[in-house]
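Below is one structure; the comments refer to it alone.
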Amino acid sequence: MKYMLTSAGITNKSIEDALVKSLGKPVSECSALCIPTAMYGHPWVGPGIKTWEFISGNSENPMVNFGWKSVGILELTALPSIPRERWLPLIEKTDVFLVSGGDALYLAHWMRESGLAQLLPELEAVYVGMSAGSMALAPRIGEDFMGWMPPSGKDEGISLIGFSIFPHLENESLPENTLDHAAKWASKIQGPSYAIDDQTAIKVTDGKVEVISEGLWKSFSTG
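Numbering (this note's numbering), first residue to last: 8 to 230.
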């Protein structure tokens, strides 16, 4: 699995070019599955119209409406009630997973419950995360981003990457997401972390981390 972890989707040419390189073939030849699960856990984005906008490709965040050969839906909350043999072949042949924003801990919980968290490292595909879709892969998301409360009561992601992510850095619609706030968040994480704006992505291939940006970002190392 290769990871393209964004704050707001495929928002510029640099991120697009890096994604196409990771795919290894044209977008028009790639099958995609969109995962809207994180949206249901966040009061600002779901359920309702924003979830439909993401799934249908009508969202302001470019991910689903990108010219894929095909796009399907993988709803993680449904998977535990469906025989594994019905959905496993689908994800095994998928080229790219498009994972929405929303609540990172809600997404991490259902990644574990559905079994996807255990399968992702074994798949030959590209995982494209947006906001919570990126944050959920980290060891921790930080107390500042805790909304939906998991059974553990902890801020743990699924630890498929070795760093945490602070998204939407210096976003005008989120005045609290300042660089100073990010630095304070990072000081509590006790591990490597990145703050990224909506024009930035973090590419992870075979454990190698590369920042792709036409905007603002900063790395932190605490612990």
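The C-beta atom is built at its ideal place from N, Cα and C for all residues, glycine as well. Since the structure is predicted, the reported quantities are computational estimates derived from the model, not experimental observations.
Which whole-angstrom value is the C-beta distance of residue 41 and residue 62, which I expect to be below 8 Å? Counting from 1 along the sequence shown, the entry for residue 41 is found at position 34. Counting from 1 along the sequence shown, the entry for residue 62 is found at position 55. With 8 Å as the limit, residue 41 and residue 62 qualify as a contact, their Cβ atoms being about 6 Å apart.
Which full runs of the alpha helix (DSSP H) of 4+ residues lie inside the stretch 38-109, going along the chain? 44-47, 56-63 and 91-99
Excluding the 5 residues flanking residue 64 on each side, which residues of the same chain have their C-beta closer than 6 Å to its C-beta? Position 57 of the sequence shown, counted from the start, is the residue given in the question as residue 64. So the qualifying residues of the chain are 71 and 72.
Any idea if residue 204 is buried or exposed, counting beta-carbon neighbours within 10 angstroms, 16 or more meaning buried? As a first step, residue 204 must be located in the sequence shown, where it is residue number 197. Residue 204 is buried by the Cβ-count criterion.
Beta-carbon separation (whole angstroms), residue 199 vs residue 169, contact threshold 8 Å: Here residue 199 is taken as the residue at index 192 of the sequence shown, counted from 1. Here residue 169 is taken as the residue at index 162 of the sequence shown, counted from 1. With 8 Å as the limit, residue 199 and residue 169 qualify as a contact, their Cβ atoms being about 6 Å apart.
Could you name each continuous alpha helix (DSSP H) segment of 4 residues or more that falls completely within the stretch 125-213, going from the start of the chain to the end? 139-142 and 186-196
May I ask you to list the residues that DSSP assigns as paired with residue 217? Locating residue 217 in the sequence shown gives position 210, counting from the first residue. DSSP lists 210 as partners of residue 217.
The alpha helix (DSSP H) that contains residue 29, what's its start and end? Start at 1 with the first residue of the sequence shown, and residue 29 comes out as number 22. Element bounds for residue 29: 20-30.
Is DSSP giving residue 121 helix, strand or coil here? On the sequence shown, residue 121 is found 114 positions in, with the first residue counted as 1. Looking at residue 121 - three-state DSSP - the assignment turns out to be helix.
Quick test of your reading: residue 188 and residue 14, contact by CB under 8 Å. State the CB separation rounded to the nearest angstrom. Counted from its first residue, the sequence shown places residue 188 at position 181. Counted from its first residue, the sequence shown places residue 14 at position 7. Contact doesn't hold; Cβ gap of about 15 Å is too wide.
Given a threshold of 16 other Cβ atoms within 10 Å of its Cβ, counted over all protein chains shown, does residue 164 qualify as buried or as exposed? By one-based count along the sequence shown, residue 164 stands at place 157. Flag for residue 164 reads buried.
Could you please give me the residues that DSSP links to residue 229 through a beta bridge? Residue numbering aside, residue 229 sits at position 222 when the sequence shown is read from its first letter. Paired residues: none, contrary to the question.
In its own chain, which residues sit with a C-beta less than 6 Å from the C-beta of residue 39, not counting the 5 before and 5 after it? Walking along the sequence shown from the start, residue 39 turns up at place 32. If we look at residue 39 and ignore the five residues flanking it on each side, its Cβ neighbours are 75, 78, 103 and 105.
Considering residue 12, what are the terminal residues of the beta strand (DSSP E) in which it resides? As a working note, residue 12 is residue 5 in the sequence shown. Residue 12 -> beta strand (DSSP E) spans 9-13.
Cα-Cα separation between residue 194 and residue 226, rounded to whole angstroms: One-based indexing of the sequence shown puts residue 194 at position 187. One-based indexing of the sequence shown puts residue 226 at position 219. Their Cα atoms are separated by approximately 12 Å.
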